[in-house]
Amino acid sequence: MVDNINPTVHTAALAALEAGLNQALTLAPQSAAELAELAECVFALHCTSPTLDVYLQPSAKGIRLMGYHDGAVTTSVRGEASDFTELATSKDPTATLINGRLELQGDSAALIELQKILAKLNPDWEAPLVSTLGDVAGHQLAQMLRSSFSWGKQASDSLGRQLDEYIHEEARLSPPRLELEDFYRDVQQLGQRVERLQSRTDRLRKRLRALQQ
Amino acid sequence: MSEKDTTNFGYKEVEKEAKAGMVADVFHSVASRYDLMNDLMSGGIHRIWKRFTIELSGVRKGNAVLDIAGGTGDLAARFADIVGPEGRVVLADINDSMLQVGRDKLLDQGHLGNLEFVQADAQHLPFPDDSFDCVTIAFGLRNVTDKDIALRSMLRVLKPGGRLLVLEFSKPGNDLLSKAYDAYSFKVLPLMGKLVTNDSDSYQYLAESIRMHPDQETLKDMMEDAGFTRCEYHNMTGGVVALHKGLKA
């Protein structure tokens, strides 16, 4: 655990997160069963900004989160919070690990397996509502929540698209992604050509010196 | 009465032989409502302190763990889950009322097979040398008559490389927090004890025994004197509680 973090606060935060995760896992029995296959693994997540260490240990009973672990670690990952978010939400975790800025030590296959299980975690939120409120009221409330979430997701996607279009096309505050990638490629090619030219001139200069002697 | 034969019981000076009986009376009186009082007194934070203790213990599958003064079995229950069927957890307490409450609670929770219940004095642990990978004592050391003897007894039963973890009330590092903590301990706690367990004296003793307990550095020195190596401590909640850890070389 990182020394400058109050152990009470750190432990309390992890306990709350662990309780939430395990509650979600009880509503998604398929994911819980898959996690049991990683029962012998311990994943160390070292976040450098903000500074935070978390150890994650899956088991048949759920996920255990720790701020301190004294023992062998299956996979250790180091990076910034944004890098971890990118990995957690990635549709292709292998590509994210290879191309991203996360530093990885140990078994990457186990980490990719864990990411896939957590990414497809789809809890059945209707079950606790139905068991508390009854079949009719529980189902209706779940439908209402589901349509609200769906509307919220659509609205957020649409807002994201419109904002993207406004920044790139209307206000021209930033060049489009493809144009930027072309520019980076051109800069990279130019850099390579300059290096080649430099080595060619070096070679010619060397030969000229040899002829003069 | 010579100085050598006395020890403290809260703020009182009592004969060494009498302390164990007096502490026993305190815990007989509060055993049935011990968990409820812990939650009320600490606002549930004692669960966070114990959770950190479990993390720092490094206990893993197959380990043998001794939880001294284990009371109602909060630590033992979690250790029993971690060590699994091939491990062993011993819940020891000097007080039979606390042990009965702990045993009933853990059996009702379904903990069976890898858990043993032993009525034992921390100063004279009835286990062979080098028996345990980890020994814990949470909120128990301050009630022990002779802490030095108890620490040496814990060292004896630990395997080489084994860890001792002492979770205990300690001295807050901040003056303001210290004053607020004093007011809470001597005004609110006895009142709470009176209302919930109809016993304010036991909670007056709790507050006094905390003040008489050695501070962080003194306890660390005591552990080193007993023979533990790589001793360290972690303050929690501003030093209200400290977790000491030491290894048997």
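The listed protein sequences derive, respectively, from chains A and B.
The opening residue of the first sequence carries number 1255 in my numbering; numbering runs sequentially from there.
The opening residue of the second sequence carries number 21 in my numbering; numbering runs sequentially from there.
Ideal placement from N, C-alpha and C gives every residue a C-beta, glycine not left out.
Legend entry - Per-residue DSSP class, three states only, for A/P1261: If you number the first sequence from 1, residue 1261 of chain A lands on position 7. Three-state result, A/P1261: helix.
Legend entry - Whole runs of the beta strand (DSSP E) within the stretch 77–157 of chain B, excluding any shorter than 3 residues: 84–88, 108–113, 135–139
Legend entry - First through last residue of the alpha helix (DSSP H) which encompasses B/I230: Your numbering for residue 230 of chain B matches position 210 in the second sequence. Note, B/I230: alpha helix (DSSP H), 220–232.
Legend entry - Neighbouring residues, chain B, relative to A/A1273 (Cβ below 8 Å): Translated into the one-based positions of the first sequence, residue 1273 of chain A becomes position 19. Simply none; closest approach about 11 Å.
Legend entry - Burial state of B/W69, where buried means 16 or more other Cβ atoms lie within 10 Å: Translated into positions along the second sequence, residue 69 of chain B becomes position 49. Classification for B/W69: buried.
Legend entry - Where A/M1398 meets chain B, residues with beta-carbon distance less than 9 Å: For the purposes of this step, residue 1398 of chain A is taken as residue 144 along the first sequence, with counting starting at 1. In chain order: nothing, as chain B lies at least about 33 Å away.
Legend entry - Beta-carbon neighbours of B/M256, restricted to chain A and to distances below 9 Å: As a working mapping, residue 256 of chain B is identified with position 236 in the second sequence. Here the neighbours are N1260, P1261, T1262, T1265.
Inset, instruction - Would you check if the stretch 155–164 of chain B and the stretch 125–134 of chain B touch, i.e. whether three or more CB-CB distances between them fall below 8 Å? - result: Judged by pairs of C-beta atoms under 8 Å, the stretch 125–134 of chain B does not touch the stretch 155–164 of chain B, as fewer than three such pairs exist.
Inset, instruction - Please classify B/G181: does DSSP put it in a helix, a strand, or coil? - result: As a first step, residue 181 of chain B is located in the second sequence; it is residue number 161 there, counting from the start. In the structure shown, B/G181 sits in a strand (DSSP, three-state: E or B).
Inset, instruction - Using a Cβ-Cβ cut-off of 8 Å, state whether A/D1307 counts as contacting chain E. - result: Among the protein chains in the structure shown, which are A and B, there is no chain E.
Inset, instruction - Mind checking which residues open and close the beta strand (DSSP E) that includes B/A274? - result: There is no way to answer for residue 274 of chain B, as the model of chain B reaches only from 21 to 269.
Inset, instruction - Provide the residue span of the alpha helix (DSSP H) that contains A/D1361, from first to last. - result: Numbered from its first residue, the first sequence carries residue 1361 of chain A at position 107. Careful: A/D1361 lies outside any alpha helix (DSSP H) and carries neither H nor E.
Legend entry - When A/N1376, A/I1371, A/Q1397 are compared against A/L1383, the one with the closest alpha-carbon: Counted from its first residue, the first sequence places residue 1383 of chain A at position 129. Closest by alpha carbon: A/Q1397.
Inset, instruction - Less than 8 Å between the CB atoms is what I'm expecting for B/D149 and B/V177, so what's the real figure, rounded? - result: Your numbering for residue 149 of chain B matches position 129 in the second sequence. Your numbering for residue 177 of chain B matches position 157 in the second sequence. Yes, B/D149 and B/V177 are in contact; Cβ-Cβ is about 7 Å, under 8 Å.
Legend entry - Neighbouring residues, chain A, relative to B/L76 (Cβ below 8 Å): To locate residue 76 of chain B, count along the second sequence from 1; it is residue 56. In chain order: Y1322, D1324.
Inset, instruction - Report yes if the CB atom of A/A1364 is closer than 8 Å to the CB atom of A/T1329, and no otherwise. - result: The residue given as residue 1364 of chain A occupies position 110 in the first sequence. The residue given as residue 1329 of chain A occupies position 75 in the first sequence. Yes, the pair counts as a contact, with Cβ atoms nearer than the cut-off.
Inset, instruction - Taking A/S1344 as part of the beta strand (DSSP E), name the residues at either end of that continuous run. - result: Taking the first sequence and counting its residues from 1, one reaches residue 1344 of chain A at position 90. Segment: none, A/S1344 is in no beta strand (DSSP E) and carries neither H nor E.
Legend entry - Cβ pair count under 8 Å reaching 3, the stretch 232–250 of chain B against the stretch 64–81 of chain B: no
Inset, instruction - Name the residue from B/V85, B/V186, B/V43 whose alpha carbon lies nearest to the alpha carbon of B/G104. - result: The residue labelled residue 104 of chain B in the question sits at position 84 within the second sequence. Per the Cα distances, B/V85.
Legend entry - Distance, A/Q1408 Cα to B/R71 Cα: Position 51 of the second sequence, counting from 1, holds the residue named residue 71 of chain B. Position 154 of the first sequence, counting from 1, holds the residue named residue 1408 of chain A. Rounded to whole angstroms, B/R71 to A/Q1408 spans 41 Å at the Cα level.
Legend entry - Coil, strand or helix - B/N58 by DSSP: Reading the second sequence from its first residue, position 38 is the one you call residue 58 of chain B. Under the three-state reduction of DSSP output, B/N58 falls in the helix class.
Legend entry - Identified DSSP bridge partners for B/F189: Within the second sequence, the letter at position 169 stands for residue 189 of chain B. Paired residues: B/V261.
Inset, instruction - Using a Cβ cut-off of 8 Å (strictly closer), state whether A/G1316 contacts chain B. - result: Along the first sequence, one-based indexing puts residue 1316 of chain A at 62. Not one chain B Cβ lies under 8 Å of A/G1316.
Inset, instruction - Determine the chain A residues that contact B/I65 at a beta-carbon separation under 9 Å, and present them in chain order. - result: Your numbering for residue 65 of chain B matches position 45 in the second sequence. Within 9 Å Cβ-Cβ: T1262, A1266.
Legend entry - Beta carbon proximity, B/I68 to chain A, threshold 8 Å: Against the second sequence, residue 68 of chain B aligns to sequence position 48. Closer than 8 Å to some Cβ of chain A, the Cβ of B/I68 qualifies, so yes.
Legend entry - A/L1356 beta carbon less than 8 Å from that of A/L1341: Looking up residue 1341 of chain A in the first sequence gives position 87. Looking up residue 1356 of chain A in the first sequence gives position 102. The answer is yes: Cβ separation under 8 Å.
Legend entry - Neighbouring residues, chain A, relative to B/R80 (Cβ below 7 Å): As a working mapping, residue 80 of chain B is identified with position 60 in the second sequence. In chain order: G1325.
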